[in-house]
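Okay, structure first, notes after.
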Amino acid sequence: MVYEDKQYQSDINRYLKEMDTQILKIQDTLAEMNCCILSDFEKLHHLVTDAQGLASSYYLQSYLSPYTKEFGQISLAVNLLSEKRHGALIIIERKQPLDEWIHNGTKVGAKVSHTLLETIFYPGNPLHDGGTLIKEDVIVSASNILPLSKNVINGKKLGTRHRAAIGLTEKTDAIVIVVSEETGKITFALNGELYVVKQ
1 MVYEDKQYQS DINRYLKEMD TQILKIQDTL AEMNCCILSD FEKLHHLVTD
51 AQGLASSYYL QSYLSPYTKE FGQISLAVNL LSEKRHGALI IIERKQPLDE
101 WIHNGTKVGA KVSHTLLETI FYPGNPLHDG GTLIKEDVIV SASNILPLSK
151 NVINGKKLGT RHRAAIGLTE KTDAIVIVVS EETGKITFAL NGELYVVKQ
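In case it helps, the UniProt record's numbering puts the sequence shown at residues 1 to 199.
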């Protein structure tokens, strides 16, 4: 989804007000001592998750917009891949050239489109394993091998796609978007850190 600055601020402020209201409700319920607050925490968790996804989408757009005009196409592809639980690893080159860090890809050389990205990551397609490199508004190559991170994030064992996304962003200024085929979760990696866009 593409967000304007004012819309983003308005939506985040709305979420923050709803969180404040929910926290006050939890405090009131807790004071009664005989009521369960688990469902109230669940509602608060959903609000926080939704706000986090909104913020991640906004910042991802901000980080990418100087480097590609096709953020909308990339975003649409990622959301459709997520719905179908088709795994994906999309690399967007920014200032730093990536030739030194990614290898053995198959040249594509086509304009970015959500249809082409969906096709590349369709299960069984020979190009669906590995990362797809986007430079400006062109899909340069697919099925690229990336360096894998050796770091453990928050004590969690990560899959190959996430380790590759972190590994490349530990060494370069690229942004790497990951779609999990197990859960459909969307994350992006920047500076060796993972950020959730959609649970």
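Where a beta carbon is used, it is the ideal one built from N, C-alpha and C, also for glycine.
7 Å Cβ shell around residue i - same chain, five flanking residues per side excluded
i, result
"Gly-128", "For the sequence presented, residue 128 should be read as His rather than Gly. Ile-120, Phe-121, Tyr-122, listed in sequence order."
"Ala-55", "Ile-12"
"Glu-83", "Gly-184"
"Phe-71", "Val-2, Gln-61, Leu-64, Ser-65"
"Glu-18", "Leu-47"
"residue 201", "Because the chain is modelled from 1 through 199, residue 201 falls outside the range shown and cannot be assessed."
Residue i, DSSP secondary structure in three states
i, result
"His-103", "strand"
"Glu-193", "strand"
"Phe-90", "A quick correction: the sequence has Ile, not Phe, at residue 90. In the structure shown, Ile-90 sits in a strand (DSSP, three-state: E or B)."
"Ile-37", "coil"
"Ala-77", "helix"
"Lys-69", "coil"
"Leu-133", "strand"
"Asn-151", "coil"
"Thr-160", "helix"
"Val-108", "strand"
"Thr-187", "strand"
"Ser-113", "coil"
"Lys-25", "helix"
"Ser-180", "coil"
"Ala-55", "helix"
"Asn-13", "helix"
"Lys-43", "helix"
"Ala-31", "helix"
C-beta atoms of residue i and residue j nearer than 8 Å
i, j, result
"Asn-144", "His-114", "no"
"Gly-131", "Ala-77", "no"
"Ile-37", "Thr-49", "no"
"Ser-141", "Thr-106", "yes"
"Arg-94", "Glu-181", "no"
"Glu-8", "Ala-51", "Looking at the sequence shown, residue 8 is not Glu but Tyr. No; because the gap between Cβ atoms is not below 8 Å, this pair is not in contact."
"Glu-136", "Tyr-67", "yes"
"Ile-26", "Leu-47", "no"
"Gly-167", "Leu-148", "yes"
Neighbourhood of residue i by C-beta distance below 8 Å, restricted to the same chain and skipping five residues each side
i, result
"Thr-169", "Ile-175, Val-176, Ala-189, Leu-190, Asn-191, Gly-192, Glu-193"
"Ile-139", "Val-108, Gly-109, Ala-110, Lys-111, Val-112, Leu-116, Leu-117, Ile-120, Thr-132, Leu-133"
"Gly-53", "Val-196, Val-197, Lys-198, Gln-199"
Cβ separation of residue i and residue j, assumed to be a contact under 8 Å, to the nearest whole Å
i, j, result
"Asp-40", "Gln-61", "Rounded, the Cβ-Cβ distance is 32 Å, inconsistent with contact."
"Trp-101", "Lys-157", "Their Cβ separation, rounded to whole angstroms, is 23 Å, which puts Trp-101 and Lys-157 out of contact at 8 Å."
"Leu-81", "Val-179", "5 Å"
Closer than 7 Å: residue i CB and nearest the ligand GTP heavy atom
i, result
"Glu-83", "Absent from the structure shown: the ligand GTP. Ligands present: none."
Any C-beta of chain D under 8 Å from that of residue i
i, result
"Lys-69", "In the structure shown, chain D cannot be found, because there is only a single protein chain."
Original post:
Hey, is the stretch 82-90 in contact with the stretch 165-181, meaning 3+ C-beta pairs nearer than 8 Å?
Top reply: By the Cβ test, the stretch 82-90 is in contact with the stretch 165-181, since at least three Cβ pairs between them sit closer than 8 Å.
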